[in-house]
Structures are given as C-alpha cells and as structure tokens.
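Engineer: Have a look at the structure that comes next, please.
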Amino acid sequence: MLASNRQGLGRNSMAHSLGLFPGTFNPPTRAHVELARAALAMVDRVAWILPREFPHKGYEGVDFTGRLRMVQAAIAGEPGFFARSAESGLFIDIARDFRESHGSDTRLVMLCGRDAAERIVNWDYGHSEAFPRMLDEFEMLVASRGGRYEPPAELRHRIHSLDFALDEISATDIRDRIARGESWEFLVAEGVEALVRELYGSGAQRTVPRGT
137 MLASNRQGLG RNSMAHSLGL FPGTFNPPTR AHVELARAAL AMVDRVAWIL
187 PREFPHKGYE GVDFTGRLRM VQAAIAGEPG FFARSAESGL FIDIARDFRE
237 SHGSDTRLVM LCGRDAAERI VNWDYGHSEA FPRMLDEFEM LVASRGGRYE
287 PPAELRHRIH SLDFALDEIS ATDIRDRIAR GESWEFLVAE GVEALVRELY
337 GSGAQRTVPR GT
C-alpha cells in the first residue's frame, strides 16, 4: 500500500499510469524485481529503463549491451514489465521522452529507493524551484531502504511512499561477492545467473554444489 497526502497514487484514477524504473542494473537483483512487482499494485505497467549516462553517480562495469541483456532476462515472463533504453539518466529527460511517446493522459511515476530519492531531491539544480517544477511532469514512488523516506512537506503531494521494505541487496554487494569468490547466485534476479557468469569474469565462474 501507499502512504501519501492528498489524492495519493490510487488505482482509482482514470488516467493510465506508467512506472518508470531507471537504474544501472549492474547486475539486476532480486530486490529490483520485488520493488517493481510491488509497484504494479499502484501503476499499470513498469518500464525498466537503462540510461546510457548517469548524471547523479559514476559508473564502471559491464557495458550497456550486456546490462540490457540482463534486464531483458530478469523481466522475461513478467506481465506488466518491459525494457527501454534512454540517452539521459535525468528523471526529467526520461519523463519527457515517455510523455512524447505515451501522451499527455499517462500518469508518469518514477520508482526508486530511499537513497536514490534523497540524492535526486537534494541535488543542486541551480535554482530552488527547479526540482518542484520537474515534479509537475512526473511523480515519485519511493521504497524504504535503510529507513522510510520523508519528503519535504511541500513535495508530499507528488512524492509517495511505497509500503515495501527494499531488501538490503545491492548490486555493489553482488559484485564484491563475485570479486571475493563468494556465493552470489541467490541475490541476482531469476534468469540472470548465466549472464552474470558470462559477463563478470572469472570470479563469477564458481561451481555451486547441488543443494547449496
């Protein structure tokens, strides 16, 4: 369920709603899949978006094509999910691209965890009104991660809380486990394991005994 002020993000809205889920997906984790599934209670479909550029964070690792292959494998057979690429990782650019392709009647909702929400809301956009104006073009749906996100009071009508505790599974943890030769298979999205072995080098080539 969602907790929010005013109208909230209920399914009773007549507008078609689309969840936009941008990320590096390096690799896609089980937590990514569970978050997107939880969001489907509040939006009609979820687009997994792989940007080519990441303005709020650096990136090193598997190339774009490899990560797109992993996303496609992670969402295969999942009703309501589809994958898209984007040139920019900025929420406003992604929203405008989808507005152009899906029309003005579609309600656009960005999905993210608390850490990402804090980074994006508090980013220096050069003007205090810049981000509130962006929220005229999209809403946000934020899952708890290391604590519930509490948006500024003036933004609560556009930033909603997803009552879903995002597991403390990060792609960084998975990559670190691979580098140390430790177990990682139980953390990645279902259907992605073979691609991780292919794309992440010798550390991912562990032989896992049956029944472990």
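My numbering runs 136 ahead of the 1-based position in the sequence shown.
From the three backbone atoms N, C-alpha and C, an ideal C-beta is built for every residue, glycine too.
Keep in mind that this is a model prediction, so the values were computed, not measured.
1. Locate the beta strand (DSSP E) running through R292, then write down its first and last residues.
2. Excluding the 5 residues flanking V328 on each side, which residues of the same chain have their C-beta closer than 8 Å to its C-beta?
3. Which class does P268 belong to by DSSP, given the choice of helix, strand or coil?
4. Distance check for I230 and E236, CA to CA, integer angstroms please.
5. Would you mind listing the alpha helix (DSSP H) stretches within the stretch 200-230 that are 4+ residues and don't spill past its ends, in chain order?
6. Thinking C-beta only, is A340 closer than 8 Å to I314?
7. Check for me: the beta strand (DSSP E) holding V169 runs from which residue to which?
8. Taking the straight line between their C-alpha atoms, what separation do you get for R255 and Y261?
9. DSSP three-state label for E275, please.
10. Would DSSP call G327 helix, strand or coil?
11. Going by other Cβ atoms of all chains shown within 10 Å of its Cβ, with 16 needed for buried, is W259 buried or exposed?
12. Once the 5 residues before and after L323 are set aside, which same chain residues still bring their CB inside 8 Å of it?
13. Answer yes or no: do V182 and G155 have a C-beta to C-beta separation smaller than 8 Å?
14. Mapping the DSSP letters down to three states, classify V245 as helix, strand or coil.
15. Applying the criterion that 16 or more other CB atoms from any shown protein chain within 10 Å of the CB defines a buried residue, is S221 buried or exposed?
16. For L335 and L204, I'd like the C-alpha separation in whole angstroms.
17. When the Cα atoms are used, what is the spatial distance from T242 to F300?
18. What does the Cβ neighbour count give for F200, buried or exposed, with the cut at 16 atoms within 10 Å?
19. On the DSSP letters alone, give me the boundaries of the beta strand (DSSP E) that R181 sits inside.
20. Answer with buried or exposed for H296, where buried requires no fewer than 16 other C-beta atoms within 10 angstroms of its C-beta.
21. According to the neighbour-count rule (16 or more other Cβ atoms, all chains shown, within 10 Å of its Cβ), is R316 buried or exposed?
22. Work out the CA separation of L298 and A174 for me, nearest whole Å.
Structural biologist: Let me spell this out:
1. What you label residue 292 is simply residue 156 of the sequence shown in a count that begins at 1. Looking at the DSSP string, R292 is not in any beta strand (DSSP E), and its letter there is neither H nor E.
2. In the sequence shown, counting from the first residue as 1, residue 328 sits at position 192. P163, P164, M206, A209, A210, listed in sequence order.
3. Here residue 268 is taken as the residue at index 132 of the sequence shown, counted from 1. Note: P268 maps to helix in three-state DSSP.
4. Here residue 236 corresponds to residue number 100 of the sequence shown, with the count starting at 1. Here residue 230 corresponds to residue number 94 of the sequence shown, with the count starting at 1. About 10 Å.
5. 200-211
6. The residue given as residue 314 occupies position 178 in the sequence shown. The residue given as residue 340 occupies position 204 in the sequence shown. Their beta carbons are under 8 Å apart, which means I314 touches A340 by this criterion.
7. In the sequence shown, the residue the question calls residue 169 occupies position 33. No beta strand (DSSP E) holds V169; the alpha helix (DSSP H) holding it covers 166-175.
8. Your numbering for residue 255 matches position 119 in the sequence shown. Your numbering for residue 261 matches position 125 in the sequence shown. So the two alpha carbons sit approximately 12 Å from each other.
9. Looking up residue 275 in the sequence shown gives position 139. Residue state, collapsed to three classes: strand.
10. On the sequence shown, residue 327 is found 191 positions in, with the first residue counted as 1. In the structure shown, G327 sits in coil (DSSP, three-state: anything other than H, G, I, E or B).
11. Taking the sequence shown and counting its residues from 1, one reaches residue 259 at position 123. Exposed: under 16 other Cβ atoms inside 10 Å.
12. Counting from one through the sequence shown, the residue named residue 323 turns up at place 187. Once the five neighbours on either side are set aside, the close Cβ partners of L323 are T165, R166, I305, D309, I310, R313.
13. Looking up residue 182 in the sequence shown gives position 46. Looking up residue 155 in the sequence shown gives position 19. Their beta carbons are under 8 Å apart, which means V182 touches G155 by this criterion.
14. The sequence position of residue 245 within the sequence shown is 109, counting from 1. In the structure shown, V245 sits in a strand (DSSP, three-state: E or B).
15. On the sequence shown, position 85 is the one that residue 221 refers to. That one is exposed.
16. Taking the sequence shown and counting its residues from 1, one reaches residue 335 at position 199. Taking the sequence shown and counting its residues from 1, one reaches residue 204 at position 68. Taking the straight line from one Cα to the other gives about 12 Å.
17. As a first step, residue 242 is located in the sequence shown; it is residue number 106 there, counting from the start. As a first step, residue 300 is located in the sequence shown; it is residue number 164 there, counting from the start. Rounded to whole angstroms, T242 to F300 spans 24 Å at the Cα level.
18. Taking the first residue of the sequence shown as position 1, residue 200 is located at position 64. Flag for F200 reads exposed.
19. Sequence index remark: in the sequence shown, residue 181 carries index 45 (1-based). In this chain, the beta strand (DSSP E) harbouring R181 covers 181-187.
20. Walking along the sequence shown from the start, residue 296 turns up at place 160. H296 should be labelled buried.
21. Indexing the sequence shown from 1 puts residue 316 at position 180. An exposed status is given to R316, since fewer than 16 other beta-carbon atoms sit within 10 Å of its beta-carbon.
22. The residue given as residue 174 occupies position 38 in the sequence shown. The residue given as residue 298 occupies position 162 in the sequence shown. Computed Cα separation, rounded: 8 Å.
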